[in-house]
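Report on the following structure.
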Amino acid sequence: MLSQKESFDYCRKIAKEQAGNFYLTFHLLPKLKSDSMCALYAFMRISDDIADEPGEINFTRKALGIWRDQTLGALNGQFSHPIHPAFALMVQRHQIPHQYLLDVLDGVEMDLDIHRYQTFDELYKYCYRVASAVGLCCIHLWGFNSEKALLPAESAGIALQLTNILRDIKEDYARGRIYLPQEDMVKFDYDEIKLNNEVRDECFFNLLDFQAKRAAKYYEQARELTQYLDGNARGIFLAMLHTYKAILDKMQKNNFDLFNDRVRIGTFQKLCLLAKYLPYSWKSS
């Protein structure tokens with residue numbers, strides 16, 4: 035089994051190769067917290083990859099069950115994967131509640147069985163597990179000074195996941211999944227036939243505009259988190275939040291042209307965001 039240093043290096047390699055927008059923001063943290071973010075990301079990445087592995091659903095369910103058992107083992111000092119030494123130290127060092135990690139595994143498993151969400155309340159539960167639970171892990175890692183941080187951290191996860199859902203409508207539908215609440219699709223008279231035919235009519239625009247405005251409300255709530263974070267963690271939070279808000283804004287600006295090109299923000303804009311929030315990383319907590 036790898037040493038702790040080798041394990042952290044392994045996690046950083048995963049993050050550097052696969053984290054995309056997020057990895058750039060890791061550099062806004064002090065080295066110890068940056069290493070921990072890489073370990074957390076590696077755990078989330080591997081969990082997602084197991085759930086997304088093509089193949090028979092029962093095989094995937096079994097693989098997730100094994101990964102859950104291995105995760106619980108790692109939390110008790112029994113390592114069976116290269117990320118485990120770093121992962122276990124990260125959880126112990128930052129006192130991350132184990133339930134958040136199990137919530138993430140519950141969330142990725144939901145994708146095996148649930149391909150439609152009737153109501154936003156049902157979707158919220160999914161978003162909490164796959165995104166808010168991650169955010170709650172992050173604030174324990176970053177450091178916060180009040181229990182009041184928990185609610186805006188939850189809202190941040192919801193905001194980011196709703197943005198992902200809008201951006202990935204085409205890709206998700208190709209995999210048989212629709213995350214837009216069915217009640218909203220009915221409300222705005224946009225059905226699966228239209229989605230299959232990639233129809234961008236007034237109904238589509240109104241439906242997506244409604245979803246975007248809902249996400250914007252969660253971004254607004256999430257901004258409250260800044261005041262409760264350790265000083266050197268505010269930069270990474272604001273950079274992450276505004277990177278994804280920029281994606282949401284771009285989708286709206288492009289009138290939700292989501293069937294042709296996947297919405298991204300350019301490298302220059304990402305670097306501008308990093309530069310904007312870098313000074314927060316120099317502030318003491």
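Numbering (the numbering used here), first residue to last: 35 to 319.
All C-beta atoms, glycine included, are put in the ideal place defined by N, C-alpha and C.
- Proximity of the segment 48–59 to the segment 266–278 meets the contact definition, three or more beta-carbon pairs being nearer than 8 Å.
- The shortest CA-to-CA distance from C171 to any of Q129, S81, P88, K65 is the one to Q129.
- Between the segment 138–145 and the segment 73–83 there are three or more inter-stretch CB-CB distances shorter than 8 Å, so the stretches are counted as touching.
- Below 8 Å, enough C-beta pairs join the segment 184–200 and the segment 234–254 to call them touching: three or more.
- The Cβ neighbour count for S189, taken over all protein chains shown within 10 Å, is at least 16; the residue is labelled buried.
- For T260, there is no enclosing alpha helix (DSSP H), as DSSP gives it neither H nor E.
- Judged by beta-carbon spacing, F293 lies within the 7 Å limit of E232, meaning their Cβ atoms are closer than that value.
- Pairing A183 with G99, the inter-Cα distance amounts to about 32 Å.
- According to the DSSP secondary-structure assignment, I48 is paired through a beta bridge with no residue.
- Residue environment analysis places F42 among the buried positions, since at least 16 neighbouring C-beta atoms fall within 10 angstroms of its C-beta.
- Buried is the label assigned to T277, since at least 16 other Cβ atoms lie within 10 Å of its Cβ.
- Taking 4 residues as the shortest admissible run, the segment 174–243 contains the following complete alpha helix (DSSP H) segments, listed from N- to C-terminal end: 184–201, 203–208, 216–221, 226–230.
- For Y162, the closest of M35, Q133, F121 by C-alpha to C-alpha distance is Q133.
- Straight through space, the alpha carbons of D202 and R298 are spaced by roughly 11 Å.
- As the crow flies, the alpha-carbon of I227 is around 45 Å from that of P116.
- Cβ-Cβ distances below 6 Å link C72 to C45, R46, A49 in the same chain, with the five nearest sequence neighbours on each side left out; the list follows chain order.
- Contact between S180 and Y262 is confirmed by a C-beta separation of about 5 Å, below the 8 Å threshold.
- Membership of Q104 in the alpha helix (DSSP H) is indicated by the continuous run 91–109.
- Looking from the CA of N230, the closest CA among V164, L36, G210 belongs to G210.
- Note that the C-beta distance between P215 and L157 is below 7 Å.
- Note: R150 is bridge-paired with I212 in the DSSP secondary-structure output.
- Sequence-distant Cβ neighbours of A256 in its own chain, meaning closer than 7 Å and more than five residues away, are P186, S189, A190, A193, L275.
- The C-alpha of E143 lies about 19 Å from the C-alpha of T153.
- For M35, there is no enclosing alpha helix (DSSP H), since its DSSP letter is neither H nor E.
- Contact check for L106 and V125: beta-carbon distance about 11 Å, past the 8 Å limit, so the pair fails to qualify.
- Taking C-beta separations shorter than 6 Å and ignoring five residues to either side along the sequence, the partners of I173 in its chain run A183, A187, following chain order.
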